[in-house]
Amino acid sequence: MSRKGAKKTARPELLIRYTDHPTAVNRSISKFINVIMSHGRKSTAENIVFGAFDIISERTKDDPIKVFDKAVANVKPRLEVRARRVGGSNYQVPVEVRPERAEALAYRWLVSFARKRPERTMRERVANEMLDAAQNRGAAVKKREDVHKMADANRAFSHYRW
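Residue -8 is where the sequence shown starts when you use this note's numbering, and the numbers rise one by one after that.
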């Protein structure tokens, strides 16, 4: 389908509702939108995220961006394991996670576990996963706990850091 003669339309009004927040929050929301986006359908991803924000604000009567920030903070891992080859054998070496990577992992985990949820629409799944993560429940928080347990179990190999 050609877009040659098509008139460009403005972004949905949903964007206007959440643009009065600081730029750091806007940047994190836009990164989250980009993680949700598939096949270049950014407006669909925006509708999903802002629809999830509407669901969160209806249920909690709270600022959805605060809930989003709390959910991301609860899902961010502090440690992870990396494979290190020493003398012919591989060791799982625990290392600290850089803040940018921790944030990216949190977004990825939230979206991947939201996709596995049983709710009907994606905006409901994202909203419920964010609400669960904000209350330290849900599959994304369990994934972070599993990563931390793996790092704790391999603490003996921490002297192999690079």
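Cβ atoms here follow ideal geometry from the backbone N, Cα and C, with glycine treated the same way.
Length of the line joining the Cα atoms of residue i and residue j
i: residue 87; j: residue 30; result: 33 Å
i: residue 72; j: residue 139; result: 9 Å
i: residue 22; j: residue 104; result: 17 Å
i: residue 81; j: residue 64; result: 31 Å
i: residue 91; j: residue 17; result: 16 Å
i: residue 50; j: residue 38; result: 18 Å
i: residue 89; j: residue 110; result: 33 Å
i: residue 146; j: residue 35; result: 43 Å
i: residue 112; j: residue 149; result: 43 Å
i: residue 33; j: residue 127; result: 29 Å
i: residue 106; j: residue 130; result: 11 Å
i: residue 79; j: residue 142; result: 21 Å
i: residue 77; j: residue 55; result: 47 Å
i: residue 74; j: residue 108; result: 31 Å
i: residue 59; j: residue 136; result: 19 Å
Within 8 Å, strictly: CB atoms of residue i and residue j
i: residue 100; j: residue 134; result: yes
i: residue 67; j: residue 97; result: yes
i: residue 47; j: residue 122; result: yes
i: residue 27; j: residue 102; result: yes
Option in the options with minimal Cα separation from residue i
i: residue 151; options: 104, 121, 84; result: 84
i: residue 144; options: 70, 91, 125; result: 70
i: residue 124; options: 17, 112, 57; result: 57
Below-8 Å beta-carbon distance, residue i vs any chain D residue
i: residue 104; result: Here chain D cannot be found, since the structure has a single protein chain.
Inspect the CB distances between the region 113 to 124 and the region 36 to 47 and report whether three or more fall short of 8 Å. yes
In chain order, which continuous runs of the alpha helix (DSSP H) of length 4 or greater are located wholly inside the region 5 to 83? DSSP assignment within the region 5 to 83 yields the following whole alpha helix (DSSP H) runs of 4 residues or more, N-terminal first: 14 to 27, 33 to 51, 55 to 66.
Entirely within the region 82 to 129 and at least 3 residues each: give me those beta strand (DSSP E) ranges in chain order. none
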